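Asks: Just so we're aligned: the sequence shown equals residues -14 to 556 in my numbering.
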Amino acid sequence: MLVKSSEIDKIINKAKYKALFPGGIYSIFSEKSQYGMGKSQFAHFLLEEYEKKSTEKLSAYHTLSPSSTGLKELEDELRSCFTKCNNITGFYYFIDEIDLISDPEYKEEEKVKLIEKFGNIIIKTSDEAYNKDIPFYIFLVLSNRILEDFNKFAPHRIKRRITPFLRVDIVFDEKDIEMFATNFFALLWVSNHKDIQKKLEKYDFRFKELMGNMISIFVNHLDYLGLNVKSVVIGDLVEKFRNMFEIIFDDINDEILEKINLGKTQEVGKNIERILKNYLLSKNRPLVINENENEIIITYKIKEKFINGHKSDGYYDFRIGDNQIGIMPVEITTQKDLKNRKGRQIKKFAENHVTLLIWAYLDRNIMERELSKIDEKVANELQRILIPRDLIQYTLILEERAFSLLEEFRRNIIENIETYLRKYAKILFNRWMMEKPFIPISTGVKQGDKIHEVSLSDLKDRVVRLLENVFQYLEGVKRRQHKGMKAAMKKELNSLNKPLQDVGIALPLFNLDTVYREIAQELLDENLCQYAKLEDTSYLSKKDGFSVKLAVEKCKKVIISRIEDKFNKTK
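(1) Whose C-beta lies closer than 7 Å to the C-beta of Phe170 among residues of the same chain, with five residues either side of it excluded?
(2) Where does the unbroken beta strand (DSSP E) through Asp81 begin, and where does it stop?
(3) Give me the Cβ distance between Leu391 and Tyr264, rounded to the nearest whole Å; I'm assuming they're in contact under 8 Å.
(4) From the DSSP output, in three-state form, read off Ile436 for me.
(5) Go ahead and pull the three-state DSSP assignment for Cys540.
(6) Please find out if some non-hydrogen atom of the ligand FAD comes closer than 6 Å to the beta-carbon of Ser87.
(7) Could you compute how far the alpha carbon of Leu508 sits from the alpha carbon of Arg465?
(8) Helix, strand or coil for Lys3, going by three-state DSSP, please let me know.
(9) How big is the Cα-Cα spacing for Lys296 and Lys290?
(10) Spatial neighbours of Ile241 within its chain, please: C-beta separation below 7 Å, excluding the five flanking residues on both sides.
(11) For Ile287, is the classification buried or exposed, using 16 other Cβ atoms within 10 angstroms of its Cβ as the cut-off for buried?
(12) With DSSP run on the structure shown, which of helix, strand or coil describes Pro373?
(13) Please state whether DSSP places Gln486 in a helix, a strand or coil.
(14) Is it the case that the Cβ atoms of Leu323 and Ile331 are separated by a distance below 7 Å?
(15) Would you call the region 373 to 380 and the region 413 to 420 in contact, with 3 or more CB pairs under 8 Å?
(16) Who pairs with Ile107 in a beta bridge, going by DSSP?
(17) Determine, using beta-carbon pairs with one atom in the region 392 to 412 and one in the region 246 to 259, whether at least three such pairs fall under 8 Å.
(18) Residues in its own chain within less than 8 Å of Lys471 by CB, not counting five upstream and five downstream?
(19) Is it the case that the Cβ atoms of Leu43 and Ile(-3) are separated by a distance below 7 Å?
(20) Between the alpha carbons of Ile219 and Val153, how many angstroms are there, rounded?
(21) What did DSSP end up calling Leu212 once you bin it into helix, strand or coil?
(22) Which residue marks the beginning of the beta strand (DSSP E) containing His47, and which one marks its end?
(23) Hey, out of Glu278, Glu276, Ile490, Ile310, whose CA is closest to Thr284's CA?
(24) Apart from the five residues on each side of it in sequence, which residues of its chain come closer than 8 Å, Cβ to Cβ, to Lys3?
(25) Please report the straight-line C-alpha distance between Ser65 and Glu101, rounded to a whole angstrom.
(26) Using C-beta distances below 7 Å, list every residue in its chain close to Thr319, excluding the 5 sequence neighbours before and after it, in chain order.
(27) How big is the Cα-Cα spacing for Asp134 and Ser87?
(28) Helix, strand or coil for Phe287? Go by DSSP, reduced to three states.
(29) Do the region 116 to 129 and the region 67 to 83 meet, that is, are 3 or more Cβ pairs less than 8 Å apart?
(30) Output the boundary residues of the beta strand (DSSP E) element that contains Thr148.
(31) As a quick exercise: from Ile372, Asn337, His338, pick the residue whose alpha carbon is nearest that of Leu347.
Structure representation (structure tokens):
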């Protein structure tokens, strides 16, 4: 037990004195669906306590294989153990890895058959033990996910026969995780010491120092590395620390350790930027998104792009056929802050385009403050991948496995970027549809004495797209400044105005300030948003029920009613 030993002891000691009935089927369970909660460890601890109570040590621990062969092996072993049991000495039979039945690879009908067969095997022995009053006890190691499948596919069979026995959900705080990291690293060092001495004849002490520092930095930045302190499980940490250790040890040698210098120098910053640029390039493949029977093809361009006098490190190119419908600039930086030229550069990018910022930051407080300032000033989203510079610098000591270590630090980098790209592709597609010329129709809309070839239904559809883009601005954040929301609406309105001007319709369609106030009020009335004020700044803040789809549905009438009033459709 590397952490929470006293709490674990208390739980196990309480469990081992619970009364058991012959043939009982008991669960060692977790309320959470993910793996790595420590259920198996608790099962082993409990098994050891039961073995201490009996000199004969009548117990077994079976790891299930969810197949016909595996279930037959379970049945044979279960029956064999049952025959060894007598009326005096209890037999404790544990079954683990039952969660594998819930593997997404299995079709629903396959799961039903596996659950039915598994249930029949253990219920047969359970019933016989109960009827003959034989102290044979069955313990199932279960996650919430397999319990849900039991309830779904066999609620009146195996589910109702299981008695909840030992819940293993333990909440960790930062001190617990830090203690676990220290203890687990010591364990890794001892268990690999012979291999370390064999490979690193001179500088094993530097390797030890390097790994210790790296894991310490990792623990201090869990939230920015995709691991929530409140929900992280031991299995996640074990896997992370072991993988980090193996990746570095696989690539390290005495020569590297002798030359290594990870001081906070400008050269280190440039090399980190080079690693990140090369990583993006190594993952470059066209991403194809389908929207209304149109293929949007997104590719990463390594060449620099000049935007309002500032050049980007690269950009994602969005195209429908040969038509470029937009770009997403990419800026990679290791600077301490975003002041002066760097701040102006990113602000210019984000004023014109949704921008991807990859920042290897030095100080999280400075980083959070700088990003907050930019978010308040621009009318586009600044998408971000944030990685502690003190941690990412360790990739510089590796050669072939630098990218593997980067991905171990910050999982799902490319998946997160693709999520940003898909979201922005939808926004760009909406703008493209808003900017398309109106299709001529035989009956148009009337403004004064002049008839314009504009379909009212087409115009309404474009209004919906306009609002979808505006409310996307609230996605992924808690609140936005009113002036930022209004700037976003103005930007989207420009896409709608162009085709209207081309057919000679007088603009503006409506007063922007008035319409924004009415839309904001509609969001308040529908309990989707609320007003918030921080210092001298007013915000539109989302409430729990907010969604882009619902906001559009409730607010589109504000604009459409004005269009219907202004234009009378001819018959």
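Glycine included, C-beta positions come from ideal geometry on N, C-alpha and C.
Model, not experiment: these values are computed from the prediction.
Replies: This is what the structure gives:
(1) Your numbering for residue 170 matches position 185 in the sequence shown. Met196, Gly197, Ile200, Phe226.
(2) Stepping through the sequence shown from its first residue, residue 81 is reached at position 96. 76 to 81 is the extent of the beta strand (DSSP E) around Asp81.
(3) Here residue 391 refers to the residue found at position 406 when the sequence shown is read from its first residue. Here residue 264 refers to the residue found at position 279 when the sequence shown is read from its first residue. The C-beta distance from Leu391 to Tyr264 rounds to 6 Å, short enough to meet the 8 Å contact threshold.
(4) The residue labelled residue 436 in the question sits at position 451 within the sequence shown. Note that Ile436 scores a pLDDT of 47, beneath 50, so its modelled location is shaky and nothing firm can be said.
(5) What you label residue 540 is simply residue 555 of the sequence shown in a count that begins at 1. In the three-state reduction of the DSSP assignment, Cys540 falls in the helix class.
(6) Looking at this structure, you won't find the ligand FAD or any other ligand, since it has none at all.
(7) Counting from 1 along the sequence shown, the entry for residue 508 is found at position 523. Counting from 1 along the sequence shown, the entry for residue 465 is found at position 480. In a straight line, the C-alpha of Leu508 is about 14 Å away from that of Arg465.
(8) For this step, residue 3 is matched to residue 18 along the sequence shown. The DSSP-derived three-state label of Lys3 is coil.
(9) Here residue 296 corresponds to residue number 311 of the sequence shown, with the count starting at 1. Here residue 290 corresponds to residue number 305 of the sequence shown, with the count starting at 1. Taking the straight line from one Cα to the other gives about 5 Å.
(10) What you label residue 241 is simply residue 256 of the sequence shown in a count that begins at 1. Excluding sequence positions up to five before and after Ile241, its CB lies within less than 7 Å of the CB of Ile382, all in the same chain and listed in chain order.
(11) Position 302 of the sequence shown, counting from 1, holds the residue named residue 287. With fewer than 16 Cβ atoms within 10 Å of its Cβ, Ile287 is classed as exposed.
(12) Looking up residue 373 in the sequence shown gives position 388. In this structure, DSSP gives Pro373 an extended state, which the three-state scheme calls strand.
(13) Taking the sequence shown and counting its residues from 1, the one referred to as residue 486 is at position 501. The answer is helix: DSSP assigns Gln486 an H, G or I state.
(14) Numbered from 1 along the sequence shown, position 338 holds the residue referred to as residue 323. Numbered from 1 along the sequence shown, position 346 holds the residue referred to as residue 331. In contact: Leu323 and Ile331 (Cβ atoms closer than 7 Å).
(15) Segment contact: the region 373 to 380 against the region 413 to 420, fewer than three CB-CB distances shorter than 8 Å; contact not assigned.
(16) As a first step, residue 107 must be located in the sequence shown, where it is residue number 122. According to DSSP, Ile107 bridges with nothing at all.
(17) The region 392 to 412 and the region 246 to 259 do not touch, with fewer than 3 CB-CB distances between them shorter than 8 Å.
(18) As a first step, residue 471 must be located in the sequence shown, where it is residue number 486. Closer than 8 Å at the Cβ level, and outside the excluded window around Lys471, lie Leu497, Asp498, Tyr501.
(19) Along the sequence shown, one-based indexing puts residue 43 at 58. Along the sequence shown, one-based indexing puts residue -3 at 12. Leu43 places its beta carbon 7 Å or farther from that of Ile(-3).
(20) One-based indexing of the sequence shown puts residue 219 at position 234. One-based indexing of the sequence shown puts residue 153 at position 168. C-alpha separation (whole angstroms): 12 Å.
(21) Position 227 of the sequence shown holds residue 212. For Leu212, the three-state secondary structure derived from DSSP is coil.
(22) The residue you call residue 47 lines up with position 62 of the sequence shown. Counted as a single uninterrupted DSSP element, the beta strand (DSSP E) harbouring His47 occupies residues 44 to 48.
(23) Along the sequence shown, one-based indexing puts residue 284 at 299. The alpha carbon of Thr284 has as its nearest neighbour, out of Glu278, Glu276, Ile490, Ile310, the alpha carbon of Ile310.
(24) Taking the first residue of the sequence shown as position 1, residue 3 is located at position 18. Closer than 8 Å at the Cβ level, and outside the excluded window around Lys3, lie Phe150.
(25) As a first step, residue 65 must be located in the sequence shown, where it is residue number 80. As a first step, residue 101 must be located in the sequence shown, where it is residue number 116. Rounded to the nearest whole angstrom, the CA to CA distance from Ser65 to Glu101 is 21 Å.
(26) In the sequence shown, the residue the question calls residue 319 occupies position 334. Excluding sequence neighbours, Thr319 sits near Gly254, Ile257, Glu258, Ala345, Arg374.
(27) Along the sequence shown, read from residue 1 onward, the residue named residue 134 stands at position 149. Along the sequence shown, read from residue 1 onward, the residue named residue 87 stands at position 102. Straight-line Cα distance between these residues: approximately 7 Å.
(28) Within the sequence shown, the letter at position 302 stands for residue 287. With the sequence shown as reference, residue 287 is identified as Ile, and Phe is not the correct amino acid for it. Of the three classes helix, strand and coil, the one that applies to Ile287 here is coil, per DSSP.
(29) They touch, by the three-pair rule.
(30) Along the sequence shown, one-based indexing puts residue 148 at 163. According to the DSSP assignment, Thr148 belongs to the beta strand (DSSP E) that extends over 147 to 152.
(31) Looking up residue 347 in the sequence shown gives position 362. Leu347 has its Cα closest to that of Ile372, out of Ile372, Asn337, His338.
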